[in-house]
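Numbering (the UniProt record's numbering), first residue to last: 1 to 261.
Ideal Cβ placement from N, Cα and C applies to all residues, glycine included.
Since we're looking at a predicted model, the values are computed, not measured.
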Amino acid sequence: MTLAHPAYAQLRQVTPVAAVLLENNPGMMTLDGTNTWILRAPGREECVVVDPGENDEDHLRRIAEVGPVALTLITHRHHDHTDGIDRFVEMTGSPVRAVDPTLRRRTDAGLPDGELIEEVGLAIRVVRTPGHTKDSTSFVVEGEGSVLTGDTILGRGTTVLDSTDGDLGDYLASLRTLIDLGAGRTVLPGHGSELPDLLPVAQYYLAHREERLAQVRAALDVLGEDSEVRAVVEHVYADVDPKLWGAAEQSVRVQLEYLRR
1 MTLAHPAYAQ LRQVTPVAAV LLENNPGMMT LDGTNTWILR APGREECVVV DPGENDEDHL
61 RRIAEVGPVA LTLITHRHHD HTDGIDRFVE MTGSPVRAVD PTLRRRTDAG LPDGELIEEV
121 GLAIRVVRTP GHTKDSTSFV VEGEGSVLTG DTILGRGTTV LDSTDGDLGD YLASLRTLID
181 LGAGRTVLPG HGSELPDLLP VAQYYLAHRE ERLAQVRAAL DVLGEDSEVR AVVEHVYADV
241 DPKLWGAAEQ SVRVQLEYLR R
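Dropping the structure here:
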């Protein structure tokens with residue numbers, strides 16, 4: 001029987017190159033849990049891992065057993081994608097490449113935009129997509145054309161922008177970058193199920209952000225330009241469960257910073 005998402009503790013093949021191990025850490029911000037992606041060229045033993053996840057011994061052991069791991073890549077700094085790095089390196093000896101230098105292990109190499117990483121029969125193109133966080137990065141698997149989007153695009157719902165270093169202007173530009181990659185690309189997200197076509201999803205994300213931005217502008221017209229974040233959230237998200245307002249505050253704070261610039 002073919003596995004379907006969510007399938008915890010099982011390696012699930014999604015494309016000819018990409019398989020996923022779903023970490024059992026579900027939550028409001030992680031959806032069903034964190035996706036650890038394993039990329040392997042047909043006929044090769046070694047693989048590339050994207051986002052080892054949290055410091056969960058069982059999850060890290062399962063990833064390591066899929067190896068040998070030639071390289072580990074990081075989509076962004078959030079703990080649910082990176083807290084297991086040190087233990088994972090102990091298990092596998094894998095170098096870790098990331099935009100954030102504090103997350104790199106056994107290499108000084110970052111992830112410059114446009115670089116083509118050629119490793120164990122794979123060609124992986126770096127596409128910088130900041131906005132969710134400053135260091136957010138996507139990866140295109142050349143050949144099959146699938147795109148690992150981290151938290152820039154999710155398998156369901158929409159992305160919360162981190163209020164510490166997220167930036168709406170960057171995020172809108174990143175969505176346009178993903179749109180420009182074109183149609184027919186499978187989305188391999190950091191959370192949630194894979195999606196069959198990047199283009200309509202990225203277009204929806206962009207339209208949704210622009211709609212929310214217009215709602216925030218309208219709220220400021222009613223409440224006043226100096227309104228606090230919470231007041232704007234309660235106005236714009238009046239039809240949303242208040243339990244979700246905490247997450248909405250992060251995005252609204254980023255939107256207000258964008259507008260007030």
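Comparing alpha-carbon positions, which option in the options lies nearest residue i?
| i | options | result |
| --- | --- | --- |
| His191 | Arg185, Arg156, Asp167 and Val201 | Arg156 |
| Leu223 | His235, Leu213 and Arg212 | His235 |
| Arg185 | Thr149, Glu211 and Ala219 | Thr149 |
| Val147 | Arg253, Pro101, Leu199 and Glu225 | Leu199 |
| Pro130 | Leu111, Val120 and Thr2 | Leu111 |
| Glu194 | Trp37, Gly27, Asn25 and Met29 | Trp37 |
| Arg40 | Ala173, Leu11 and Glu211 | Leu11 |
| Tyr171 | Pro196, Gly182, Asp197 and Leu213 | Leu213 |
| Thr102 | Gly121, Val120, Ile74 and His59 | Ile74 |
Buried or exposed for residue i, please, with buried defined as at least 16 other CB atoms from any protein chain shown within 10 angstroms of its CB.
| i | result |
| --- | --- |
| Pro189 | buried |
| Gly166 | buried |
| Gly53 | buried |
| Arg61 | exposed |
| Arg217 | exposed |
If you run the structure through DSSP and keep just helix, strand and coil, what is residue i?
| i | result |
| --- | --- |
| Thr75 | coil |
| His191 | strand |
| Leu168 | helix |
| Ala218 | helix |
| Gln13 | strand |
| Tyr237 | coil |
| Val99 | coil |
| Leu111 | coil |
| Arg125 | strand |
Quick one: residues in its chain with C-beta nearer than 6 Å to the C-beta of residue i, no 5 flanking neighbours on either side, listed in chain order?
| i | result |
| --- | --- |
| Asp151 | His132, Thr159 and Gly190 |
| Pro6 | Leu22 and Asp32 |
| Ile117 | Ile124 |
Are residue i and residue j touching if we call contact CB-CB under 8 Å?
| i | j | result |
| --- | --- | --- |
| Ile153 | Val126 | no |
| Gln255 | Asp162 | no |
| Pro68 | Pro42 | no |
| Val95 | Arg105 | Strictly speaking, residue 95 in this sequence is Pro, with Val absent from that position. Yes. |
| Leu71 | Val99 | no |
| Asp83 | Asn25 | no |
| Leu175 | Leu206 | yes |
To which residues of the same chain is residue i closer than 7 Å at the C-beta, ignoring the five residues directly before and after it?
| i | result |
| --- | --- |
| Gly169 | Tyr258 |
| Gln203 | Ile179 |
| Arg77 | Asp100, Leu103, Thr133 and Asp135 |
Looking at the ligand GDP, does it come within less than 7 Å of residue i, judged from the CB to the closest heavy atom?
| i | result |
| --- | --- |
| Thr149 | Among the ligands in the structure shown, none appear at all, so the ligand GDP cannot be discussed. |
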